[in-house]
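Read top to bottom, the protein sequences are chains U and W. For reference, each letter of the first sequence is one residue, going 20 to 487 in our numbering. For reference, each letter of the second sequence is one residue, going 20 to 487 in our numbering. Report on the structure given below.
Protein chains: 2
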Amino acid sequence: MDSVFQDYFYPKSLCVVGASSKPKSLGYELTKSIKQFGYTGKVFLINPKSDEILGYKCYPTIESVKEKIDLAIIMVPKQFVEDSIKQLTNKGTRALILITAGFKETGKEGEQEEKRILELVKNSDARLVGPNCMGIINSLSEIKMNATFVAEEPRNGKMAFCSQSGAIGAAVLNSLRETDIRFSQFISVGNKADVTENDLLEFWEKDKNISVITYYLESFEAGEEFIKYFIDEKITKPVIILKGGKTSSGIKAASSHTGALGSSDKVVNAVLTQFGIIRANDLNDMFNTAKGFEDFPIPQGNRVAVVTNAGGPAILAVDTLESNNLSLADLTPETKAKLKEIVHPQGSVNNPVDLLPGGTAEQFKQVNEILVADQNVDAVISVFVEPIMVPAMPVIEGINEIKIDKPIFQVVMPLPEFWDKYRKESKTKRSLFRKPEDPAVVIGNMLKFKNNHRIKTDISLEKLNPLQ
Amino acid sequence: MDSVFQDYFYPKSLCVVGASSKPKSLGYELTKSIKQFGYTGKVFLINPKSDEILGYKCYPTIESVKEKIDLAIIMVPKQFVEDSIKQLTNKGTRALILITAGFKETGKEGEQEEKRILELVKNSDARLVGPNCMGIINSLSEIKMNATFVAEEPRNGKMAFCSQSGAIGAAVLNSLRETDIRFSQFISVGNKADVTENDLLEFWEKDKNISVITYYLESFEAGEEFIKYFIDEKITKPVIILKGGKTSSGIKAASSHTGALGSSDKVVNAVLTQFGIIRANDLNDMFNTAKGFEDFPIPQGNRVAVVTNAGGPAILAVDTLESNNLSLADLTPETKAKLKEIVHPQGSVNNPVDLLPGGTAEQFKQVNEILVADQNVDAVISVFVEPIMVPAMPVIEGINEIKIDKPIFQVVMPLPEFWDKYRKESKTKRSLFRKPEDPAVVIGNMLKFKNNHRIKTDISLEKLNPLQ
């Protein structure tokens, strides 16, 4: 795969143009992130005033680096940007990320400057990410690259995340210790002068380390092309989009971008739905859904069984089924008979199955096994509120270890110490959900993807055009 | 105020009937919670086999306690419950909480036993909370009572919370370290054999330590009476309800209760809305709204100004305005002129006001002051995504210190270390919000309350009856 995006996400060497020795400056913090996460490639820092920063050798100019540079992160002041790009493209570097801000987003003058830079890039075989962006991550153990300002250490997963907003990207990275989101690759695309969501869609579809693609977008840079990938059935992986600028106020706030996919949110919705592209309501729903695709088989239908040790949270879980087009499964008489042998007589063998607060790890495991074996059940939501007498870990791990082709989504409402323990001690490390309302959204979204990929569409680009 | 609920929430002495010396048993853990939170009253433990548990003296029987018992927590096995209640009512104890489960919730036989117990109570001047519940909390420094299984130490606030589900109550208590929810009083009401949400509504309306009342309910025990308090304009405090069993599947899961307020969720919604009772979508919305009422003045209208240092999160905040019946305020020319002197030329003085990532604590404070002074602005949402070069604490505290009669809701998306620091070091300790989507829900809910209390209703109980 000789894509330039191979250079972006799998660079053997990277160069920070504008690295700094001053703590709290962006040029220092980004270098620190690279160091801390343990990037496996070669690092060249360009800084004429320092010999060395954080143990990396500094070079006075780009030209003075004699070795090949796969990826360049440019964060020099605006007046030095053009010269840096010229030197890099002369050197044959194809993957450029321009962090520096102050271009199109600031008005007419900045827009002209952005055009000039783009011109430079177009005249070479390089590509440009940004400007006005915040970096790139590949968490794979062979790469271990965190070239962003946020020195968090993301756990490796199979998800790719592209954010048009640097702040949203940073906020997500800063929340990783609580949310347990796992990335494979992350990229902040800023003004999208050259590289857009479309380029990434194409690359990530082919990258075998990616199984689910997520976006925070405020506009579609070339919506028609984006959709064409789906019309042509080139995209087989699930794609989840959180779109900022849904309402007229929000669209005004996001300001208009050229070539955006329709200004009406209804149009965006209709088109995305048509092609099984999942629209998330918020960041929580987006990453929960991504966890669903990463960790669980796609359910074959919409019939859900719920098992719990606590009435209230199970009711909240059931309440969210309808609005996600799911239904409570009718358990077969055989299933109920088997459940009767396990469930406490004062509990319930109807759906939702109630094990009462005394429900043990063994009971939870057995009941989940019986439920997934029921032909009327497509997915299970297992809700565990940790009581004092039944520790959560064995319950959770027991269920995680069940080997089946139907998904079991676990909601855990544990004692405060649980999450740290799970992160450290879990063997399975399968994604858990924190709120009883979460799994229904995930199942509903997974089915939107599945149903679209089962039924072939007869939509052609011509038919779609009127929507634009 | 000689209400029996004074004995429940402000007891000078309490008795645990069925205290245990065995760690992990409910009778031990509840006693441990009492000890750990530092209850200020006298504690009597009833346990014939121990002399002392956790430093508290044990008594072999209730009768052997010679002093007055204000509140009794009963957690003995079912066969000893009736006898315990008899002894307590003979002694003149009025406030009884029956933790023990296995009554109405288990079927016909349990229902009969529950009736017998209720009979006993009705023949005395005592009241009964439960059975099948998980305890009571008053976090006021004069009381410091946590008589639940959950040994968390809630921070004191002005909110009261009543949960029909013990598990939901426990889950909320277990999440306190992350959610920063502050209680004044909490009670788990379980089967609601005697004491219901109505009794608590009446008591909390009068209790000056409570300013906002929240409920998790699965049924209204006597819905007509509940609404009558509002028809008669006896309730002046905001009331927020999360109702489990919204959909037909959810209602089925919650099972039917006698005297419930209509089985159709549309009816529940219509009636609650009519009386300005706030219906929360989930626990997050409920407690965020409670924080709104606790910490902020009620906005006078629906015109919202947004200020931010980051485009993306501001767009997500603006996107939630419409669905909560809010609008983006039109800032006056004077306001924009003043903002121009502060905001970076590449930022924006339109609503949402954008200070760019470099926006300082001083700029955030000044801009917020200008925005709340604008006659076209009823509320401000201030969104701060913490960049490396501008630490969050001074920004947050600076805004918290602004003295005004308009609310400023702060959304903070900080570096991972922030929350602990804020809990420890903040002088103001005003509630912050974590997601850009949160404040719009809060403002919308506060306005539902305000608008209802401004416009007198002409609904009479007769007119309401057909809804039941």
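Yeah, the Cβ is synthetic: ideal placement off N, Cα and C, and Gly gets one too.
Asked: Grab the span of the alpha helix (DSSP H) containing residue 258 (chain U) for me, first residue to last.; Found: Run containing residue 258 (chain U): none in the alpha helix (DSSP H); it sits in the beta strand (DSSP E), 258-262.
Asked: Compare the C-beta of residue 168 (chain W) against all C-beta atoms of chain U and say whether one is closer than 8 Å.; Found: yes
Asked: For a contact meaning CB atoms closer than 8 Å, what does residue 196 (chain U) contact in chain W?; Found: 435
Asked: Can you find the residues in the same chain that come closer than 8 Å, C-beta to C-beta, to residue 453 (chain W), ignoring five residues on each side of it along the sequence?; Found: 430, 431 and 432
Asked: Flag residue 408 (chain W) as yes if its beta-carbon sits less than 8 Å from any beta-carbon of chain U, otherwise no.; Found: yes
Asked: Whole angstroms is fine: what's the gap from residue 321 (chain W)'s alpha carbon to residue 343 (chain W)'s?; Found: 9 Å
Asked: If you compare alpha carbons, which of W:367, W:258, W:302 and W:305 is closest to residue 14 (chain W)?; Found: With chain W covering only 20 through 487, there is no way to say anything about residue 14 (chain W).
Asked: Considering only DSSP beta bridges, list what residue 175 (chain W) is partnered with.; Found: W:202
Asked: Let me make sure I understand the geometry here. Which of W:23, W:351, W:458 and W:384 has the alpha-carbon closest to that of residue 145 (chain W)?; Found: W:23
Asked: What is the DSSP secondary structure of residue 367 (chain W), reduced to helix, strand or coil?; Found: strand
Asked: Would residue 457 (chain W) count as contacting chain U if we go by Cβ distances under 8 Å?; Found: no
Asked: Sort U:199, U:160 and U:269 by Cα distance to residue 238 (chain U) and report the nearest one.; Found: U:269
Asked: Below 8 Å, how does it come out for the segment 24-43 of chain U and the segment 54-69 of chain U: are there three or more Cβ pairs, yes or no?; Found: yes
Asked: Answer with yes or no whether the minimum CB distance from residue 465 (chain W) to chain U is below 8 Å.; Found: no
Asked: Let's see if you can read the secondary structure: which residues bound the beta strand (DSSP E) around residue 154 (chain W)?; Found: 154-157
Asked: Between which two residues does the alpha helix (DSSP H) holding residue 8 (chain U) run?; Found: The requested residue 8 (chain U) does not occur in the structure, where chain U is confined to residues 20 to 487.
Asked: Taking only the alpha-carbon atoms, compute the straight-line gap between residue 27 (chain U) and residue 90 (chain U) and give it to the nearest angstrom.; Found: 6 Å
Asked: Does the segment 118-129 of chain U come into contact with the segment 88-106 of chain U, if we say contact requires no fewer than three beta-carbon pairs (one atom in each stretch) closer than 8 Å?; Found: yes
Asked: I want to verify the contact list: residues of chain W whose CB lies under 7 Å from the CB of residue 371 (chain U), in sequence order.; Found: 272
Asked: Are there 16 or more other CB atoms within 10 angstroms of the CB of residue 177 (chain W), so buried, or fewer, so exposed?; Found: buried
Asked: Between residue 305 (chain U) and chain W, is there a C-beta pair that is closer than 8 Å?; Found: no
Asked: Rounding to the nearest angstrom, what Cα-Cα distance links residue 140 (chain W) and residue 67 (chain W) in this structure?; Found: 25 Å
Asked: How long is the line joining the alpha carbons of residue 226 (chain W) and residue 203 (chain W), rounded to whole angstroms?; Found: 11 Å
Asked: So does the segment 310-326 of chain U actually touch the segment 412-427 of chain U, counting three or more Cβ pairs closer than 8 Å?; Found: yes
Asked: Tell whether a beta-carbon distance below 8 Å holds between residue 106 (chain W) and residue 82 (chain W).; Found: yes
Asked: Using 8 Å as the cut-off, can you tell me whether the segment 50-59 of chain U makes contact with the segment 247-255 of chain U, which would need three or more C-beta pairs spanning the two stretches below that distance?; Found: no
Asked: List, in order along the chain, the chain U residues whose C-beta lies closer than 9 Å to that of residue 237 (chain W)?; Found: 330, 331 and 334
Asked: Tell me, which residues are paired with residue 321 (chain W) by DSSP?; Found: According to DSSP, which records beta bridges pairwise, residue 321 (chain W) is partnered with nothing at all.
Asked: Indicate whether at least one CB of chain W lies closer than 8 Å to the CB of residue 212 (chain U).; Found: no
Asked: Who are the neighbours of residue 45 (chain W) on chain U, taking C-beta pairs under 9 Å?; Found: 406, 407 and 408
Asked: Tell me the rounded alpha-carbon separation between residue 34 (chain U) and residue 208 (chain U).; Found: 18 Å
Asked: Do three or more CB pairs link the segment 365-376 of chain W to the segment 322-340 of chain W at distances below 8 Å?; Found: yes
Asked: Which residues in chain U sit within 8 Å of residue 53 (chain W), going by Cβ to Cβ distance?; Found: Within chain U, no residue comes near residue 53 (chain W); the closest Cβ sits about 15 Å away, beyond 8 Å.
Asked: Along chain W, which residues have their Cβ under 9 Å away from the Cβ of residue 365 (chain U)?; Found: 120, 121, 124, 125, 126 and 129
Asked: Between residue 166 (chain U) and residue 72 (chain U), is the Cβ-Cβ spacing less than 8 Å?; Found: no
Asked: Can you tell me the Cα-Cα spacing of residue 395 (chain U) and residue 385 (chain U), whole angstroms?; Found: 17 Å
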